[in-house]
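Protein chains in written order, with my numbering: chain A, 1 to 199; chain B, 200 to 398.
Quick reminder that beta carbons are idealized off the backbone N, C-alpha and C, glycines included.
All values reported here derive from a predicted model rather than from experimental measurement.
The structure appears right after this line, and notes come after that.
Protein chains: 2
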Amino acid sequence: MGRRSDHSREEISRMALDAARRLVAEEGLKGLTARRVATEIGYAPGTLYVVFRNLDDLILHLNAETLDQLHATLGEVVRHCRKPQRCILKLAMAYVEFAFDNPSLWGAIYEHRQAEGQRAPEWFQEKIEALFSLVETPLRQLDAGRSDREVRLAANALWSGIHGVCILGLSGSLEKANAGSTAAIAESLVSNYLAGYMQ
Amino acid sequence: MGRRSDHSREEISRMALDAARRLVAEEGLKGLTARRVATEIGYAPGTLYVVFRNLDDLILHLNAETLDQLHATLGEVVRHCRKPQRCILKLAMAYVEFAFDNPSLWGAIYEHRQAEGQRAPEWFQEKIEALFSLVETPLRQLDAGRSDREVRLAANALWSGIHGVCILGLSGSLEKANAGSTAAIAESLVSNYLAGYMQ
DNA sequence: GCCCATAAATGAACATTGTTCAATAAAAAT
DNA sequence: ATTTTTATTGAACAATGTTCATTTATGGGC
């Protein structure tokens, strides 16, 4: 059959991404297949390839939305705090919370990035950059005497560190009980690092 | 055809793991397929399933060998240093170096772990525990007054942190140039954390 | 109202994948 | 020699991503 329902490309894209998010959230990246997404939105598999270049492209856009959501969440956190040190700690906590609340969606971001050897497109990298700079701002306030280079280095160290804490915390077990100890580890990392940084 | 060559199960297992390691090292986890491994060792696909439960099981054993190799490498590092602080820093550097020298094999360890929802078997977890305790020893020497709980927390924070630094360093780009800045980030993380920890 | 050109959606087809298991061939035992 | 045992096979199955000739509905011109 040919033309049947009248959804624009944007609408189909949106429906597909919503279905994909549900599938990944419930069953992980492994649960995401072209045929399942197509069935969920009431279209044939081939239709997906009109909107997305391929499955990797669909996942990329799904991850982009997750990054946007994460950025919005973390952005809200830094707006509600004064002291830079407290800000950074809250950022770390919020990041851990987000990862534990959306383990599969959060995991899909880096699971997929390393899956294909190539680098992600520019606009995707920028979304990650935007997250990074959320830490740079309070870091700069913390000690105005530091060079941009030093601030970027510190932001990178902190962000990478928290990222790693989440990864190992989540891979350890999927029980909620682990979230608490993971938060404790994250706090240890941030507060000790900052203590050393300011000393 | 039936019985043909006379390799024991152990020999076939060894050949398969060697072939798998080569494939993963050269093309990443995506390059590893049952048929390719079978072809490489001159057996039919079905034979692999006599030795391993399935492909995941084969990858698990491959990762176990990588962990052993990593443990041997890091173990050598801690034997050649006196001051605990220097020890930990060297451990971190050696970890970064290993990750950058064997990006695909190192990546396969956690890429695979999160791929299947379930937890890895006991004997596998123990290999990871063994790596952890490499950091705990010098940490304990650093400040004998700390409780076991505190030491474990610090070891966890440091290890997770370095792990995260490697992940983001490698995902950033596969150029060797990145190894240098990644090492700098790792050093920043460790030295500042330890400074805060001792203060 | 009819017809045609255009665009949209299809779904059968292809190459690969992991995995299984009856069939088979060689070695070991009798 | 003959039988039994066992290791290995490779055809078969279901499911995957992806493509593209075919089909169908729509919108415009008469």
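Contact of A/S188 with chain B by beta-carbon distance below 7 Å involves L352, A353, A356. For A/S147, no Cβ of chain B is located within less than 9 Å of the residue's own Cβ.
Any Cβ of chain A closer than 9 Å to the Cβ of B/Q284 would place that residue at the interface, and such an atom is absent.
Secondary structure within the region 71-103 of chain A: the alpha helix (DSSP H) runs of 4 or more consecutive residues, fully enclosed, are 84-101 (chain order). For B/A378, same chain residues with a beta-carbon under 6 Å away, outside a window of 5 residues either side, are F299 in chain order.
When 8 Å is used as the limit between beta carbons, B/S390 is near these residues of chain A: G196, in chain order. One Cα belongs to B/L352, the other to B/Q313, and the distance between them is close to 23 Å. Judged by DSSP secondary structure, A/T33 falls outside any alpha helix (DSSP H); it is assigned neither H nor E. With three or more CB-CB distances shorter than 8 Å, the region 146-165 of chain A counts as touching the region 121-137 of chain A. Relative to B/A291, the option among B/A271, B/W322, B/V389, B/Y248 whose CA is nearest is B/V389. Between B/A307 and B/I258, the C-beta gap is smaller than 9 Å, which places the two residues in contact. Of the candidates A/E111, A/L23, A/S181, A/S147, the residue whose Cα lies closest to the Cα of B/L367 is A/E111. Contact check for A/V51 against A/S13 passes: the beta carbons are separated by less than 9 Å. Cα atoms of B/A233 and A/C81: separation of roughly 53 Å, rounded to the nearest angstrom. A direct Cα-to-Cα measurement between A/V151 and A/I88 gives close to 13 Å. Going by beta carbons, A/A120 and A/L139 fall outside the 9 Å limit. Residue-level contact by beta carbon holds for A/I185 and chain B, with a gap shorter than 9 Å.
Nearest CB-CB separation between A/E111 and chain B: below the 9 Å threshold. Contact between A/G164 and B/H362 holds: their C-beta atoms lie close to 4 Å from each other, under 8 Å. The continuous stretches of alpha helix (DSSP H) do not include A/F52, and DSSP gives it neither H nor E. When 9 Å is used as the limit between beta carbons, B/V364 is near these residues of chain A: N156, A157, S160, G161, H163, G164, in chain order. Shortest Cα-Cα distance from A/L17 to any of A/K83, A/D57, A/A184 involves A/D57.
Taking 9 Å as the cut-off, the beta carbon of B/A263 is found closer than this to the beta carbon of B/W322. Collapsing the DSSP output to three states places A/S147 in coil. Between B/L393 and A/G196, the C-beta spacing is below 9 Å. Classified as exposed, A/G46 has fewer than 16 neighbouring CB atoms from the shown chains inside 10 Å of its CB. Secondary structure of B/R351 (DSSP, three-state): helix. One Cα belongs to A/A20, the other to A/E10, and the distance between them is close to 15 Å.
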